[in-house]
Amino acid sequence: MDLSFLPEHADFRAEVRTWIEANFPQAIRDKQATGENLNKQEILSWHKVLYKKGWLTPSWPVEYGGTGWDAVRRYIWSEELARANTCQPSFGLGMIGPVLYTFGTSEQKAKFLTPTVAGDIWWCQGYSEPGAGSDLAGLSTRAERFTGEDGRDYYRVTGQKTWTTQGQYADWGFFLVRTDPTARKQEGITFLLIDMTSPGVSVRPIITIDGGHEVNDTFLDNVIVPVENRIGEENKGWTVAKFLLGHERTGIAGVARSKRGIERLREIAARVPADDGAPLIRDPDFRRKVVELELDLAALEYTELRTLAGESSGRGPGPEASLLKVKGTEVGQRLTELTLEAAGVQGQPYFRGFPAQGGNADPIVPDFAFKAAPVYFNMRKTSIFGGSNEIQRNIMAKAVLGL
Ligand SMILES: Cc1cc2nc3c(=O)[nH]c(=O)nc-3n(C[C@H](O)[C@H](O)[C@H](O)COP(=O)(O)OP(=O)(O)OC[C@H]3O[C@@H](n4cnc5c(N)ncnc54)[C@H](O)[C@@H]3O)c2cc1C
Numbered sequence: 000m001d002l003s004f005l006p007e008h009a010d011f012r013a014e015v016r017t018w019i020e021a022n023f024p025q026a027i028r029d030k031q032a033t034g035e036n037l038n039k040q041e042i043l044s045w046h047k048v049l050y051k052k053g054w055l056t057p058s059w060p061v062e063y064g065g066t067g068w069d070a071v072r073r074y075i076w077s078e079e080l081a082r083a084n085t086c087q088p089s090f091g092l093g094m095i096g097p098v099l100y101t102f103g104t105s106e107q108k109a110k111f112l113t114p115t116v117a118g119d120i121w122w123c124q125g126y127s128e129p130g131a132g133s134d135l136a137g138l139s140t141r142a143e144r145f146t147g148e149d150g151r152d153y154y155r156v157t158g159q160k161t162w163t164t165q166g167q168y169a170d171w172g173f174f175l176v177r178t179d180p181t182a183r184k185q186e187g188i189t190f191l192l193i194d195m196t197s198p199g200v201s202v203r204p205i206i207t208i209d210g211g212h213e214v215n216d217t218f219l220d221n222v223i224v225p226v227e228n229r230i231g232e233e234n235k236g237w238t239v240a241k242f243l244l245g246h247e248r249t250g251i252a253g254v255a256r257s258k259r260g261i262e263r264l265r266e267i268a269a270r271v272p273a274d275d276g277a278p279l280i281r282d283p284d285f286r287r288k289v290v291e292l293e294l295d296l297a298a299l300e301y302t303e304l305r306t307l308a309g310e311s312s313g314r315g316p317g318p319e320a321s322l323l324k325v326k327g328t329e330v331g332q333r334l335t336e337l338t339l340e341a342a343g344v345q346g347q348p349y350f351r352g353f354p355a356q357g358g359n360a361d362p363i364v365p366d367f368a369f370k371a372a373p374v375y376f377n378m379r380k381t382s383i384f385g386g387s388n389e390i391q392r393n394i395m396a397k398a399v400l401g402l
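Residue numbering for the sequence shown follows numbering that gives the first Met the number 0, starting at 0 and increasing by one per position.
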C-alpha cells in the first residue's frame, strides 16, 4: 500500500481546490457556513455541477461515471470538498449506485443509473420499520406476487417503513420487503425499487429534536410494483442489502469533514474567552480535549486511507467499514460537544425561526454560536443510523475478532 503524496498529488490538490473555489455556489456556501438546512434544489444544483465536471462519483468504475483516480487522489478530493464545506450530492447516490452497477440488469442500469447520476432521480431508503431497525432481517412489509390482467408479473406491497431520510423529496425508493414469510428470516427478503408516486405510497414527516424535517414515516398500502423493478433474485435481497450497507457506512466516517470542524473549533476557541479572560484555547483542560480529539481523528484517517487503498486494489469495504462508522461518528459527536462548549451561553438552543433572517441577523448571536445547539442535537443521529454503533461493535466482534 503506497499512500505517500507525490508532487503530482500536490498539483492535483491545487487543481481541485481552485475548481471548487470557482464552482461551489455562493448561496449554498453561506447557508453551509451557519449550518442551515438546504432544500432539494440547492443540493441538486451542486450535484449537477459535479456531474457536468465528471467528478461526482470518483470511486465508481470508469464506465459508470468513475474518474479512475488512485486512492490518494480520491482522498485529496474528499478532503478538499470538506475543506470548502460543500454539501453532499443527492441522497442515496453512493448507496443505490454501486447496487445498480453490481447487481442490476442492463435494462435496470439504463433506466436508473444514468438519471441517478445526472441528478434526475432522487432516492430514499426503505429499510427500517417500527419493529425492525437493528434486527433489520425481522422486517414485516409484505410483497405478494401476482399476474396482472395484462399478463405481466407484479408484487403487491403493504407495510410501514420509518426514518425515511428525505423521503419527502424522493422520486424512487429502494425497499426491503418480505416475499417468503415461511423461510428463515434472512432468506425471505427481496430488494425492490418503488416509484414514490405510485398509488398507495404516502410519506408523513417526523420532526426531530433539532426542529428539522429530515426523516419520515413511509406507508405502503397495496402498492403495485412490476417484477422488473426487483434487484437480484427473489428472496435473495439480503445479500444486496448488506452490500449497500457497507457502502453507506464508509461514507459516514466523515474524516475530512471532522478535520475541517477541528480547524473551525480551534478558530472559535481562539476568539472566545475562558473564565480568566484568556482565549479558551489556552485553557489546559479544553486544549487537552481538543488534542485528544485530533489524535483520535489522525488514527481514524490512517484507517480510512488503508480502506481506500484496499478498495482501489479491488476489495470492497469489509467489516472495517463498521470500525470507520463507529470511530468517525464518535469523533463527529465529540466535535459538536466541544463546539457547543466553546459557544457557551451564546450557543443555547433557540426557537425555530430565530433569528428571523438566519446567519448573523441577530447581533446577540455570533456566527460560530448560531446553530451550535441544533447541530449538536442533530449529530446524535449518527451513532444510530446506518446501523447503530452497538450493532457495528457486534459485527466487528464476529468478523474481525472471531468471537
Ligand atoms: C436520523 C436518522 C435517519 C435514518 N434514515 C434512515 C433511512 O433513510 N432509511 C432507513 O431505512 N432507516 C433509516 N434510519 C433508521 C436506522 O437505521 C435505525 O434507527 C437503526 O438501525 C436502529 O434501529 P432502531 O431505531 O429500530 O433501534 P433499535 O433496533 O430498537 O435499537 C434500540 C437500541 O438498542 C440497541 N441494540 C439493539 N439491538 C442490539 C444488539 N443486538 N446488541 C447491542 N445493542 C443493541 C441499539 O444499538 C439501540 O441503542 C435512520 C435513523 C435516524 C436516527
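Yeah, the Cβ is synthetic: ideal placement off N, Cα and C, and Gly gets one too. Predicted, not measured: the structure shown is a model, and the values here were computed from it.
Determine the DSSP secondary structure at residue i, reduced to helix, strand or coil.
i, result
"Thr335", "helix"
"Ala368", "coil"
"Asp361", "Since pLDDT at Asp361 reaches only 46, below the 50 mark, its modelled position is unreliable, and the value read off the structure follows with that caveat. The answer is coil: DSSP assigns Asp361 none of H, G, I, E or B."
"Ala273", "coil"
"Asp282", "coil"
"Glu262", "helix"
"Thr217", "strand"
"Pro57", "coil"
"Gln87", "coil"
"Thr66", "coil"
"Asp194", "strand"
"Trp171", "strand"
"Ile95", "helix"
"Arg229", "strand"
"Val399", "coil"
"Trp237", "helix"
"Trp121", "coil"
Hey, would you say residue i sits closer than 9 Å to residue j, going by beta carbons?
i, j, result
"Val200", "Asp194", "yes"
"Gly210", "Gly317", "no"
"Glu389", "Ser133", "yes"
"Ala268", "Ile280", "yes"
"Arg270", "Pro278", "yes"
"Leu192", "Gln107", "yes"
"Ala465", "Phe285", "Nothing about residue 465 can be reported from this structure: the residues present for the chain run from 0 to 402 only."
"Ala169", "Thr161", "no"
"Gly91", "His46", "no"
"Asn215", "Gly166", "yes"
Which residue or residues does DSSP assign as beta-bridge partners of residue i?
i, result
"Pro318", "The partner list for Pro318 (beta bridge, DSSP) is empty, contrary to what the question assumes."
"Pro114", "Answer is none; Pro114 lacks a bridge partner."
"Thr189", "Val176"
"Thr164", "For Thr164, which the question treats as bridged, DSSP gives no partner whatsoever."
"Ile383", "Paired residues: none, contrary to the question."
"Trp76", "None; Trp76 has no bridge partner."
"Val222", "Val156"
"Glu128", "Ala131"
"Ser201", "Phe218"
"Phe145", "Tyr153"
Compare the C-alpha of residue i against each of the options and name the closest.
i, options, result
"Leu80", "Glu14, Asp69, Thr113", "Glu14"
"Leu138", "Gln167, Thr178, Glu340, Val61", "Thr178"
"Leu339", "Glu329, Pro373, Gly309", "Pro373"
"Ile75", "Ser387, Ile27, Lys51, Ser58", "Ser58"
"Thr115", "Asn215, Pro60, Gln185, Leu55", "Leu55"
"Phe367", "Glu232, Glu233, Asp29", "Asp29"
Round the Cβ separation of residue i and residue j to the nearest angstrom and send it over; I've been treating them as touching at under 8 Å.
i, j, result
"Ser197", "Ile223", "7 Å"
"Val330", "Leu296", "5 Å"
"Ser89", "Ile42", "6 Å"
"Gln332", "Met378", "5 Å"
Quick check: is any heavy atom of ligand 2 less than 8 Å from the C-beta of residue i?
i, result
"Gln124", "Judged by which ligands are present, ligand 2 is missing from the structure shown, whose ligands are ligand 1."
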